[in-house]
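Below is one structure; the comments refer to it alone.
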Amino acid sequence: MSITITPAANERMRHFLAGTPTAAGVRFGVRRSGCSGFAYVVDLADAVGASDRLVEVDGLPLIVDDKSLALVEGTVIDFQRQGLNASFVFHNPNATGECGCGESFTVG
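FYI, the numbering for the sequence shown is 1 to 108, going by the UniProt record's numbering.
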């Protein structure tokens, strides 16, 4: 599995993990949503399930479920601040399109 986390995103994820020391890691994946088909999920994971892959990315435990793996392979996760807004930004080589608001994406 090849997922890259920028230093800014790594710092933000570590901040969330520090607030929940019992978390198994950061869950990254997709769910069906939005007008384009898929939306990203970044959340803390309580445990690593049987259908999950756990990898260390620059010392950060990242958990990706098998269903999401092919859709997020090669993604670069960044964290950006613009004025009062701050969010994770995804550069996914598998995405072939995005909705106008940037909340969902299409593959294939």
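For glycine and all other residues, C-beta sits at the position ideal for the given N, C-alpha and C. Values in this document were obtained by computation on a predicted structure and should not be read as measured data.
When we look at the beta-carbon of residue i and count the other beta-carbons within 10 Å, is it buried (16 or more) or exposed?
i	result
D1	A quick correction: the sequence has Met, not Asp, at residue 1. M1 is exposed by the Cβ-count criterion.
G29	buried
L84	exposed
A86	exposed
A70	exposed
T20	exposed
G59	exposed
Would you kindly work out how many angstroms separate the C-alpha atoms of residue i and residue j, rounded to a whole number?
i	j	result
F79	H91	11 angstroms
A50	D65	9 angstroms
G37	T96	11 angstroms
A9	T106	23 angstroms
V41	P93	17 angstroms
E98	E73	17 angstroms
F88	L62	15 angstroms
L54	Q82	31 angstroms
E56	R27	12 angstroms
L44	T6	18 angstroms
V48	L17	15 angstroms
R31	H15	24 angstroms
S68	T22	24 angstroms
Item checked: Runs of beta strand (DSSP E) lying entirely within the UniProt domain "Core" (1 to 103), each at least 3 residues, in chain order -> 25 to 33, 37 to 45, 52 to 57, 60 to 65, 76 to 82, 85 to 91, 95 to 98
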